[in-house]
Amino acid sequence: MVAREFLVRHEDSTFAVDYDTDDGFEVFQFQLFSLTSIPPDEQKIVGEDDDRIVSDNSDLAAVSEKIRLVSIASEKEKEPEKQEETTSSGGAGAGNFHAGSSVMSDEELARMLQAEEEALLLQHYAAGQNSGLFEEKIRPYISQVLMYEDPVRKEAARKTVPVDNLEEKALVSLAKEGNLKPSKIEQDHAFLLQLLFWFKRSFSWVNAPPCDGCGNETTGQGMGSALASEIQYGASRVELYRCNSCSRVTRFPRYNDPLKLVETRKGRCGEWANCFTLYCRAFGYESRLVLDFTDHVWTECYSEVLGRWMHLDPCEAIYDQPLLYEKGWDKKLNYVIAIAKDGVHDVTKRYTRKWHEVLSRRTIITESSLVSVLTSMTRECRRNYTSEILSVLEERDKIERETIERDLHSTDDASILLPGRQSGDNQWRIARSEYGTDSLSLSSCPVRICRDEHVTRIYNAFGAILRKFVEDSLIVSKGVEVLKILRTTIVDLKKLPYKKRRASLKSNSIVGTSLVHHLLPSFSELLNALSLKSELDTNGSVSVCLAGDPVQTALALPVALHALDELISDLSKCDNFSKDSLSFPLLRLNRICSGAVHASGEELPFGIATAAFDGTRMSKWEEPNGARGSWIMYKLSANMQELVAYELMSANDAPERDPMDWVVEGSNDRGSSWRVLDKQTSQVFNKRFQRKTYKIRPTGFSSNVFRFRFLAVRGIQSTSRLQVGSIDLYARES
Ligand SMILES: [Zn+2]
4 MVAREFLVRH
14 EDSTFAVDYD
24 TDDGFEVFQF
34 QLFSLTSIPP
44 DEQKIVGEDD
54 DRIVSDNSDL
64 AAVSEKIRLV
74 SIASEKEKEP
84 EKQEETTSSG
94 GAGAGNFHAG
104 SSVMSDEELA
114 RMLQAEEEAL
124 LLQHYAAGQN
134 SGLFEEKIRP
144 YISQVLMYED
154 PVRKEAARKT
164 VPVDNLEEKA
174 LVSLAKEGNL
184 KPSKIEQDHA
194 FLLQLLFWFK
204 RSFSWVNAPP
214 CDGCGNETTG
224 QGMGSALASE
234 IQYGASRVEL
244 YRCNSCSRVT
254 RFPRYNDPLK
264 LVETRKGRCG
274 EWANCFTLYC
284 RAFGYESRLV
294 LDFTDHVWTE
304 CYSEVLGRWM
314 HLDPCEAIYD
324 QPLLYEKGWD
334 KKLNYVIAIA
344 KDGVHDVTKR
354 YTRKWHEVLS
364 RRTIITESSL
374 VSVLTSMTRE
384 CRRNYTSEIL
394 SVLEERDKIE
404 RETIERDLHS
414 TDDASILLPG
424 RQSGDNQWRI
434 ARSEYGTDSL
444 SLSSCPVRIC
454 RDEHVTRIYN
464 AFGAILRKFV
474 EDSLIVSKGV
484 EVLKILRTTI
494 VDLKKLPYKK
504 RRASLKSNSI
514 VGTSLVHHLL
524 PSFSELLNAL
534 SLKSELDTNG
544 SVSVCLAGDP
554 VQTALALPVA
564 LHALDELISD
574 LSKCDNFSKD
584 SLSFPLLRLN
594 RICSGAVHAS
604 GEELPFGIAT
614 AAFDGTRMSK
624 WEEPNGARGS
634 WIMYKLSANM
644 QELVAYELMS
654 ANDAPERDPM
664 DWVVEGSNDR
674 GSSWRVLDKQ
684 TSQVFNKRFQ
694 RKTYKIRPTG
704 FSSNVFRFRF
714 LAVRGIQSTS
724 RLQVGSIDLY
734 ARES
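Sequential numbering of the sequence shown, starting at 4, is according to the numbering used here.
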């Protein structure tokens, strides 16, 4: 063993790297990767004294301790980045535009203002002075949004929503973010997002409707005349479709009345947004129907948590991403008008970063006429309001105008924070600053605290049950039977409203029943972990019911269910179940929990980094740019731990995004220096939700931060993403 210290210079930094030559050159490359973020295959290592290229251990032995590291890809990458910035800011080849800059240069701003002026001039020639056309387009929507205020329509909408279930999901999502005592406005915000996700699942999209008679495909036949029963619900337009099989004609009335849509639950974006906005109003959210003149409709709701209006697209189940259309869909927007019961607003600027281009397409009406039309329509909507309410609304309008103007000239999209990213911001920021200063700590993700104590408690609780099995010399099949009874009970509990969970521990056989009674004391640790307790019923059977915060139970039940599934499957495969079987991985004891998680990236809301540690397979960490290198760190909340094993589970879909090569590192100085603990290459997950177990050769090295660096995914050619279903870390027993 030869230990050497190298001084590695990279850009403006110099790192001291301790290296044991027995570890192999690859390990050295991984160490450099840890420090600089340059993947091994893009590293050019050069001896500082003689410019000698270092490509293996013997080269390394020949150079002095001074080394320079260059990224082969850095120049290639910089080019397109610069182009993209220039295009998005609308300028033609501005040479002084710095990549990553969030403030526009003076030259850039001047050019944009010039373009705006030209567009306005053009508008004066092209736009008619007659504001009637514009008003004609907007006016029907004012009567439409007033329908959302009708108590009958609101009640009809509310009745179709599984309120309990959405409330549970909202509270669980907050609990996962560490918010166990959310305020009313935080709950309202979380519920609105669940309402959006539910709506997306419950409503269906119609291109050509299936045949009413035989269900086969149809072909459009143009428009028909509306029947009285259709006109009653605002369907003056009726599309006709002829069946390709039986020739029957199917009608597709385009209903405007959201009351009818609550029943039919289908349509195109107009119907979706119309109906969803009614749902938002039915649950008391300040809501607007947003009309994009280039043929799309969505919703905006006022979020008290964010203190501003939030974009919600029910067709996509996407929220708070106003640049979705211009940047994502490459839409050429012109007018985006928000219509609410208390006013009509031009919100176009919220949805664009290319205002001068948008302006050149606004030729229906001049800007000044537009303002006066909207002002007069708004005044009309508010004519019966008290002066008190009027002043609140006017203040809100003013703040909205100011915010929109400010965001318009920002080129930094990261300034538009998604709601999930903001909770506990300060706490995370403090935690994040403790991560040390190496370049990898830089990411757009906040540091999040993992609320996963229940996962560890559930895994440990199975220890008590299995030890009792061994103590009573229970054979495997009996043990499996008992676990299946527990599983059935958990499934029953999960189906019930989260505030009223109670189910009996029942068995089909008399032997099973007496076994459950006998083993009941060994279940208590598991029940505790689920915030449940057992009770003896008057008829002698045992019931399980809530013992504490129902949200804790809601959070833990899916974890227990998945863990039981795995345990049942693992135990069934045990040939000789005995004391010796009570070890990892049948028993997954000492799982590390309650750490702070930080990742190179995450996809919100469903690919949040903490989802890797939440113990349920249905959630995952998804890194949108992680295919060729990404990282996730787990910082311990308490004492240092020696990592003895870890497990990775593949996610629900997209095998090409599975990790294939990775390095696991530990740090005993909160991330200033790292030590390689394990390295894997060419790993393949053959199934979805497949758990792979890795034991680590004992090193005696205790860490307070662990880091996974994923170097490549399985389908690196076909995806930019990486995803992991779950990560579990296990510490040496203390
Ligand atoms: Zn048919």
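Glycine included, C-beta positions come from ideal geometry on N, C-alpha and C. Computed from a predicted model, the values in this text were never measured in an experiment.
- Of the heavy atoms belonging to ligand 1, none sits nearer than 7 Å to the Cβ of Gly223.
- Three or more beta-carbon pairs separated by less than 8 Å link the segment 646-665 to the segment 686-700, which places the two stretches in contact.
- Between Gln197 and Ala160, the CB-CB gap reaches or exceeds 8 Å.
- Close to ligand 1, as judged by a C-beta nearer than 6 Å to any of its heavy atoms, are the residues Cys214, Gly216, Cys217, Asn219, Cys246, Ser248, Cys249 and Arg251, in chain order.
- As a beta-bridge residue in DSSP terms, Asp21 pairs with Glu8.
- For His348, DSSP records a beta bridge to Ala341.
- For secondary structure counted as the alpha helix (DSSP H) over 4 or more consecutive residues, the segment 153-237 holds these complete runs in sequence order: 154-162, 166-179, 187-205 and 231-234.
- Contact fails between the segment 703-719 and the segment 23-31, because fewer than three Cβ pairs, one in each stretch, are under 8 Å apart.
- DSSP places Asp298 in the coil class of the three-state scheme, outside both helix and strand.
- When only Cα atoms are considered, Gly543 and Lys509 end up about 11 Å apart.
- Secondary structure at Glu383: helix, using DSSP grouped into helix, strand and coil.
- In the same chain as Glu484, and ignoring 5 residues on each side of it, the C-beta atoms closer than 7 Å to its own belong to Gly515, in chain order.
- Put simply, the segment 174-185 does not touch the segment 220-230. Fewer than three CB pairs are less than 8 Å apart.
- For Tyr462 and Pro213, the gap between their C-alpha atoms comes out near 49 Å.
- For Arg490, the uninterrupted alpha helix (DSSP H) run begins and ends at Val479 to Lys498, by DSSP.
- Residue pairing by DSSP places Lys698 opposite Ala648 in a beta bridge.
- The Cβ atoms of Ser476 and Arg505 lie no closer than 8 Å to each other.
- Distances from the CA of Ser371 to each of Phe296, Leu124, Arg245 and Asp410 were compared; the closest alpha carbon is that of Leu124.
- The segment 238-291 is shown to contain whole beta strand (DSSP E) runs of 3 or more residues at 241-246 and 252-256, in chain order.
- In this structure, the alpha-carbon of Ala734 lies about 11 Å from that of Phe709.
- Beta-bridge partners of Val148 (DSSP): none assigned.
- Along the length of the segment 504-569, whole alpha helix (DSSP H) runs at least 4 residues long occupy 513-532, reported in chain order.
- Counting the other CB atoms within 10 Å of its CB gives Trp634 a total of 16 or more, which places it among the buried residues.
- Between Trp208 and Arg271, the gap from beta carbon to beta carbon is short of 8 Å.
- Taking C-beta atoms as the reference points, Gly216 and Arg257 fail to come closer than 8 Å.
- For the pair Asn628 and Phe279, the Cα-to-Cα distance works out to about 32 Å.
- Apart from the 5 residues on each side of it in sequence, Ala614 sits with its Cβ closer than 7 Å to the Cβ of Ser622, Lys623 and Trp624 in its chain, given in chain order.
- In the structure shown, Gly632 adopts coil according to DSSP, grouped into three states.
- When Pro261, Thr355, Ile340 and Lys162 are compared, the shortest CA-CA separation from Gly331 is found for Thr355.
- Out of His359, Arg451 and Val479, the CA that lies nearest to the CA of Glu121 is found in His359.
- Rounded to the nearest angstrom, the gap between the Cα atoms of Glu68 and Ala19 is 10 Å.
- Under the three-state reduction of DSSP, Gly703 is assigned to coil, being neither helix nor strand.
- In the three-state reduction of the DSSP assignment, Gln46 falls in the strand class.
- Excluding five sequence positions before and after Asp400, the CB atoms of its chain that fall closer than 8 Å to its own CB belong to Gly346 and His348, given in chain order.
- Within a 10 Å sphere around the beta-carbon of Gln235 sit fewer than 16 other beta-carbons, which makes this residue exposed.
- When secondary structure is reduced to three states using DSSP, Ser729 falls in the strand class.
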